[in-house]
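Sequence lines, in order, name chains A and B. Just so you know, we're using this note's numbering here: the first sequence kicks off at 1 and counts up by one. Just so you know, we're using this note's numbering here: the second sequence kicks off at 430 and counts up by one. Cβ atoms here follow ideal geometry from the backbone N, Cα and C, with glycine treated the same way. In this text the structure is predicted, and so the values were computed from the model without any measurement. A quick write-up on the structure given underneath.
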Amino acid sequence: MSVDQDTNRHLEKVRAGLKQRYAREKRFQFYGLLSVLTGLSFLVFFFVSITSDGLSAFVQTSMRLEIAFDEARIDPAGTRDPATLELASYRSIVRDAMGRKFPEISNTRAVRSLNQLVSIGAQYQLHDMVLADPELIGTTRAVWVPADDAVDLYFKTRDEKTVLRSKLDEAQVAWIERLIEGGDLKTSFNTEFFTAGDSRDPEMAGIWGATAGSFYMLVITIMIAFPVGVMSAIYLEEFAPKNRWTDLIEVNINNLAAVPSIVFGLLGLAIFINAMGMPRSAPLVGGLVLALMTLPVIIIAGRAAIKSVPPSIRTAALGIGASQMQMVFHHVLPLAMPGMLTGAIIGMARALGESAPLLMIGMVAFIVEVPGGPLDPATALPVQVFLWADSPERSFVARTSAAIIVLLLFLLVMNTTAVWLRRRFERRW
Amino acid sequence: MNDTAKSESYETVGDSHAQDPVIRARNIDVFYGDKQAIDNVSLELGKNEVVSLIGPSGCGKSTFLRCFNRMNDTIESARVTGDISLYNENIYDRKMDVVLLRARVGIVFQKPNPFPKSIYENVAYGPRIHGLANDRAQLDDIVFTSLRKAGLLNEVKDRLDEPGTGLSGGQQQRLCIARTIAVAPEVILMDEPCSALDPIATARIEDLIDELSANYTIAIVTHSMQQAARVSQRTAYFHLGRLIEVGRTDDIFTNPRHKLTEDYVTGRFG
Numbered sequence: 001m002s003v004d005q006d007t008n009r010h011l012e013k014v015r016a017g018l019k020q021r022y023a024r025e026k027r028f029q030f031y032g033l034l035s036v037l038t039g040l041s042f043l044v045f046f047f048v049s050i051t052s053d054g055l056s057a058f059v060q061t062s063m064r065l066e067i068a069f070d071e072a073r074i075d076p077a078g079t080r081d082p083a084t085l086e087l088a089s090y091r092s093i094v095r096d097a098m099g100r101k102f103p104e105i106s107n108t109r110a111v112r113s114l115n116q117l118v119s120i121g122a123q124y125q126l127h128d129m130v131l132a133d134p135e136l137i138g139t140t141r142a143v144w145v146p147a148d149d150a151v152d153l154y155f156k157t158r159d160e161k162t163v164l165r166s167k168l169d170e171a172q173v174a175w176i177e178r179l180i181e182g183g184d185l186k187t188s189f190n191t192e193f194f195t196a197g198d199s200r201d202p203e204m205a206g207i208w209g210a211t212a213g214s215f216y217m218l219v220i221t222i223m224i225a226f227p228v229g230v231m232s233a234i235y236l237e238e239f240a241p242k243n244r245w246t247d248l249i250e251v252n253i254n255n256l257a258a259v260p261s262i263v264f265g266l267l268g269l270a271i272f273i274n275a276m277g278m279p280r281s282a283p284l285v286g287g288l289v290l291a292l293m294t295l296p297v298i299i300i301a302g303r304a305a306i307k308s309v310p311p312s313i314r315t316a317a318l319g320i321g322a323s324q325m326q327m328v329f330h331h332v333l334p335l336a337m338p339g340m341l342t343g344a345i346i347g348m349a350r351a352l353g354e355s356a357p358l359l360m361i362g363m364v365a366f367i368v369e370v371p372g373g374p375l376d377p378a379t380a381l382p383v384q385v386f387l388w389a390d391s392p393e394r395s396f397v398a399r400t401s402a403a404i405i406v407l408l409l410f411l412l413v414m415n416t417t418a419v420w421l422r423r424r425f426e427r428r429w
Numbered sequence: 430m431n432d433t434a435k436s437e438s439y440e441t442v443g444d445s446h447a448q449d450p451v452i453r454a455r456n457i458d459v460f461y462g463d464k465q466a467i468d469n470v471s472l473e474l475g476k477n478e479v480v481s482l483i484g485p486s487g488c489g490k491s492t493f494l495r496c497f498n499r500m501n502d503t504i505e506s507a508r509v510t511g512d513i514s515l516y517n518e519n520i521y522d523r524k525m526d527v528v529l530l531r532a533r534v535g536i537v538f539q540k541p542n543p544f545p546k547s548i549y550e551n552v553a554y555g556p557r558i559h560g561l562a563n564d565r566a567q568l569d570d571i572v573f574t575s576l577r578k579a580g581l582l583n584e585v586k587d588r589l590d591e592p593g594t595g596l597s598g599g600q601q602q603r604l605c606i607a608r609t610i611a612v613a614p615e616v617i618l619m620d621e622p623c624s625a626l627d628p629i630a631t632a633r634i635e636d637l638i639d640e641l642s643a644n645y646t647i648a649i650v651t652h653s654m655q656q657a658a659r660v661s662q663r664t665a666y667f668h669l670g671r672l673i674e675v676g677r678t679d680d681i682f683t684n685p686r687h688k689l690t691e692d693y694v695t696g697r698f699g
């Protein structure tokens, strides 16, 4: 009887505590969910604001003009010599076309402000057209040429509550309205944005130059950081004696991973540019600096990947007489490779998004030309974002966001690859 | 092991010598850091003989077994003193190549540990790194012979390209044995090879050990006294790092001379 009472009393105690335990569990889950939701809401806000700002940059307004490819203007001698075609004044051809569209405007000041509606890119476009096909000379045809960024902005926002008129005056707005009525303005996909380098004129600025710069830089980075990082990880994990020196090295590597990236930029400036005389603003130097920065990340990820290979595989290999190196290269490394690649890709993604060290080595310069190699002056995607965000023209706001979208897409692709690799090659023992 | 026990000297009961010895271990001490795991153990393994090492957990029998092919080298803090000779070569001599030693003294581990590669590659790996086959036909021959000797060939001959890790536990262990004999060792060490297996798979491995003993010297660590009684000709009983008693398996189980051995084999201890 007394035993039963004892058990009952125990159960009573357990039951009393049980409620509290479940409540605690519920509370904990709620806090967890709350923090996840907080994080997510920030992310959603960020994406919504970036896309709503940036999407408009993917389309561009162009203007239809009746262009007269006047032989007297382009090639008075009729030689069709490319040198002559190269030097012809396409600007005046554009002006003639504008003049014909608005024949009533004769006042010099009014003409100047009329011509501001066309992008400076129009004359380059005509130049390219004529050089590609000299047969055009002497003909007249309708050509869609890029409009100025102010026109672009007005055209895109005229149906909205806040119409962005930027620098346009009343007369210019009236002319634009006339163009719209005549069906001479349209928006189309902005290929320029993906094929051009930087420009002072927003309607002609593109991210291809920065993308190419980032690409060359990442190639240099992976070529240096991956082999060096993997070799270091293998040596430290498999061959190095465990003593005070290797402990010291380990602490320092972990330390390096936490060093602010701007410090690596200063290091690159001092060593690669000042001491070794490498060119300023070159992706080569940027790649080297980012390699230094990524190295500790790759080493740490590589060591973790090597550590996760079960010891039974090592003893199996050693047990049938594999040498240390055969064990590492035949068995450990293949099993650790997915983890190492994942670490490398995450390191690369970090390097791709890095801008501070690049500011120190001159990759922040205004560069119009698309770099043709790792030694040409270039800039990088995040630095391009920084440069555009700093520009006063209203149209650069959309372009900044568009560049961020492109950068985020690259990062998304890289991180997805990393996750995919991990899933795909995950081994079960 | 406490300090007073360590300072006491002891003598192994029974004859540690074997007829026609292949491996001779003399006065072996093993330390892990400051801790002594093996205390002055001497034992010989004779040609084509199966010797089982038994004793309670933590008595050092696996540690002792791993001295025979220097697997203890892979443990940073482990230190081995004493002499072990394979025929007349001292295996702890500086001139002894440890890779060569492990090709001559193979080992099978407690947990089946096939490489995450195909069945064929698992067996072919050893011959390949040691350069035992001149061409593909010879390599095939070695792989098939080894699988047959390990009693696995009939079960896997149609799926040699499938991963070795996909086999059942018992099959994996026989694959590991095939992998070991593929490099034609003289001695096979087995470290509790059946402790992760069911009784049927265990029986198959025991039959296999019996067959292999015609050609190889085998030392087997086991927790099962029945297994020791079934497969071995001689048995060595370890207790707290010491070799307490060694002798013919029948004698050890039916007529133990040392009190500790008697307690263990009769089930009063361990």
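Neighbour flag for P338 (chain A) against chain B, beta carbons, 9 Å:
P338 (chain A) is outside the set of residues whose beta carbon lies under 9 Å from a beta carbon in chain B.
Closer than 9 Å to chain B by CB, T315 (chain A)
For T315 (chain A), the answer is yes, since a Cβ of chain B falls inside 9 Å of its Cβ.
Taking just the CA atoms, how far does T51 (chain A) sit from N190 (chain A)?
Taking the CA atoms as reference points, N190 (chain A) sits about 16 Å from T51 (chain A).
Run through chain B and tell me which residues come within less than 7 Å of A322 (chain A), C-beta to C-beta.
In chain order: I558.
Should I298 (chain A) and V397 (chain A) be called a contact, given that it needs their Cβ atoms to be closer than 9 Å?
Taking a C-beta distance under 9 Å as the contact criterion, I298 (chain A) and V397 (chain A) do not qualify as a contact pair.
Kindly identify the DSSP beta-bridge partner or partners of E518 (chain B).
E518 (chain B) pairs with B:L515.
From the DSSP output, in three-state form, read off T211 (chain A) for me.
T211 (chain A): helix per DSSP, three-state reduction.
Mark L218 (chain A) as exposed unless 16 or more other C-beta atoms lie within 10 angstroms of its C-beta, in which case mark it buried.
Label assigned to L218 (chain A): buried.
What's the gap between the Cα of A275 (chain A) and the Cα of L267 (chain A)?
So the two alpha carbons sit approximately 10 Å from each other.
Name the chain A residues that come within less than 8 Å of P500 (chain B), Cβ to Cβ?
Looking at the sequence itself, residue 500 (chain B) is Met, so the reference to Pro does not match. In chain order: T315, L318, G319.
Measuring alpha carbon to alpha carbon, tell me which of A:L65, A:P374, A:D169 ends up nearest Q125 (chain A).
Considering only alpha carbons, the answer is A:L65.
Can you list, in chain order, the residues of its chain whose CB lies under 6 Å from that of I649 (chain B), leaving out five sequence neighbours each side?
Excluding residues up to 5 positions away in sequence, S481, M619 lie with their Cβ nearer than 6 Å to the Cβ of I649 (chain B) in the same chain.
Looking only at C-alpha atoms, which of A:P82, A:A389, A:I74, A:A83 sits nearest to D96 (chain A)?
Residue nearest to D96 (chain A) within the set A:P82, A:A389, A:I74, A:A83 is A:I74 (criterion: CA-CA distance).
Please list the partners that L335 (chain A) has in chain B, where partner means a Cβ-to-Cβ separation under 9 Å.
Those are P545, listed as they occur along chain B.
For a contact defined as C-beta to C-beta under 8 Å, what are the partners of E505 (chain B) on chain A?
The answer, in chain order, is K242.
Assign V455 (chain A) to one of two classes, buried (16 or more other C-beta atoms within 10 Å of its C-beta) or exposed (fewer than that).
The question about residue 455 (chain A) has no answer, for chain A in this structure spans 1 to 429.
What residues from chain A crowd round F538 (chain B), counting only those whose CB sits closer than 9 Å?
The answer, in chain order, is S312, T315, A316, G319.
Beta strand (DSSP E) segment containing I450 (chain B), residue limits
It is Pro, not Ile, that sits at residue 450 (chain B) in the sequence shown. First-last of the beta strand (DSSP E) with P450 (chain B): 450–461.
C496 (chain B) at chain A interface by Cβ criterion, 9 Å
The beta carbon of C496 (chain B) does not come within 9 Å of any beta carbon belonging to chain A, so the residue lies off that interface.
CB Y554 (chain B) to CB H10 (chain A), shorter than 9 Å?
No, Cβ-Cβ distance for Y554 (chain B) and H10 (chain A) is not below 9 Å.
What is the DSSP secondary structure of Y439 (chain B), counted as helix, strand or coil?
Residue state, collapsed to three classes: coil.
Should L529 (chain B) be flagged as near chain A, meaning a C-beta pair shorter than 9 Å?
Chain A contact via Cβ: present.
Under the DSSP definition of a beta bridge, which residues are partnered with V94 (chain A)?
In the DSSP output, where bridge partners are listed per residue, V94 (chain A) has none listed.
Taking CB distances under 9 Å as the criterion, tell me whether H10 (chain A) reaches chain B.
No, its Cβ sits nowhere closer than 9 Å to a Cβ of chain B.
State the CB to CB distance for the pair L529 (chain B) and V675 (chain B), rounded to an integer number of angstroms; the pair is presumed to be in contact (CB under 8 Å).
Contact annotation, L529 (chain B) with V675 (chain B): C-beta distance approximately 29 Å; criterion of less than 8 Å not satisfied.
Does any residue of chain A have a CB that is nearer than 9 Å to the CB of R508 (chain B)?
Taking Cβ atoms only, chain A never reaches closer than 9 Å to R508 (chain B), which makes this a no.
With 9 Å set as the bound, which would you pick, yes or no: does the beta-carbon of Q326 (chain A) sit closer than that to a beta-carbon of chain B?
Yes, Q326 (chain A) counts as interfacial toward chain B.
Minimum Cβ-Cβ distance from Y554 (chain B) to chain A less than 9 Å
At least one chain A Cβ lies under 9 Å of Y554 (chain B).
Cβ-Cβ distance between L672 (chain B) and T510 (chain B) below 9 Å:
Taking 9 Å as the Cβ cut-off, L672 (chain B) and T510 (chain B) do not qualify as a contacting pair.
Against T609 (chain B), what residues of chain A qualify as contacts under a CB-to-CB distance less than 7 Å, listed in chain order?
Ordered by position in chain A, the residues that pass the 7 Å Cβ test against T609 (chain B) are I320.
Per DSSP, what kind of secondary structure is I67 (chain A) in: helix, strand or coil?
Here I67 (chain A) sits in strand by DSSP.
Look at the Cβ atom of F42 (chain A), then the Cβ atom of R141 (chain A), and state whether they are nearer than 9 Å.
Going by C-beta atoms, F42 (chain A) is not nearer than 9 Å to R141 (chain A).
Fully enclosed by the segment 490–565 of chain B, which beta strand (DSSP E) runs are 3 residues long or longer?
The segment 490–565 of chain B contains these whole beta strand (DSSP E) runs: 507–515, 534–537.
Determine the DSSP secondary structure at E86 (chain A), reduced to helix, strand or coil.
Here DSSP, grouped into helix, strand and coil, assigns E86 (chain A) to helix.
Range of the contiguous beta strand (DSSP E) that encloses R633 (chain B)
Boundaries for R633 (chain B): no beta strand (DSSP E) harbours it, while the alpha helix (DSSP H) harbouring it runs 628–641, taken from the DSSP string.
Kindly indicate if chain A contains any beta-carbon less than 9 Å away from that of C488 (chain B).
It does not: the Cβ of C488 (chain B) has no partner Cβ on chain A nearer than 9 Å.
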